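S.K.: Numbering (our numbering), first residue to last: 371 to 468. Glycine included, C-beta positions come from ideal geometry on N, C-alpha and C. None of the values given here were measured: they were computed from a predicted structure.
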Amino acid sequence: MLVSKDGDEERMTPAVVPAARVLKRKAPRGFLKNFIKRRKPQLHLKSGVDLWVHLNCLLFLHRLAEESRMQAFQNKSRIIKDKHILAAAKVVLKKSRG
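Here it is, written out as C-alpha cells:
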C-alpha cells in the first residue's frame with residue numbers, strides 16, 4: 371500500500387500477472403461435442419476427442435500470442451496492436467498447416 375501526502379492509503383494494482391496460474395475452468399465439453407456433431411454428423415468420435423480439440427485451440431492461441439508479442443517487439447512497440455496479430459496469424463497458420 372502507498373500512503374499519500376494527505377495520509378490516505380492507496381492500493382496499487384499488480385503490474386505483473388503471474389505466468390503460471392491454476393486454471394479453474396474446465397473445458398466446455400458439451401459445447402464442443404454438440405458443435406462437432408452439428409458440423410460433421412457422419413463422424414463417430416471416440417471419448418476424449420473434445421478435450422484434444424480444446425487443447426489444440428489453447429495451444430494455437432498461445433502460439434499466436436507469443437508470435438504477436440515478438441511482432442510488437444520487432445516494431446519497437448510495447449502494445450500488441452491488431453496489425454501485429456494479423457502478421458502473427460499469417461506466420462502461425464503457415465506453421466500449423468502441417
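Counting Cβ pairs, one atom from each stretch, are 3 or more of them under 8 Å apart for the segment 430 to 440 and the segment 454 to 465?
M.R.: They touch, by the three-pair rule.
S.K.: Span of the alpha helix (DSSP H) holding Arg408?
M.R.: Sequence index remark: in the sequence shown, residue 408 carries index 38 (1-based). Its alpha helix (DSSP H) spans residues 399 to 409.
S.K.: Taking the alpha-carbon of Val462 as reference, which of Gln444, Ser447, Phe430 has the nearest alpha-carbon?
M.R.: Here residue 462 is taken as the residue at index 92 of the sequence shown, counted from 1. Measuring from the Cα of Val462, the nearest candidate turns out to be Phe430.
S.K.: Restricting to Cα atoms, I'd like to know which of Lys396, Leu415, Arg395 is closest to Asn404.
M.R.: One-based indexing of the sequence shown puts residue 404 at position 34. Comparing Cα positions, the closest option is Leu415.
S.K.: I need the straight-line Cα distance from Leu402 to Asn426, nearest angstrom please.
M.R.: Locating residue 402 in the sequence shown gives position 32, where the first residue counts as 1. Locating residue 426 in the sequence shown gives position 56, where the first residue counts as 1. Each residue's Cα considered, the two are about 12 Å apart.
S.K.: Expressed to the nearest angstrom, what Euclidean distance is found between the alpha-carbon atoms of Gly400 and Lys446?
M.R.: One-based indexing of the sequence shown puts residue 400 at position 30. One-based indexing of the sequence shown puts residue 446 at position 76. Spanning the two alpha carbons is a distance of roughly 42 Å.
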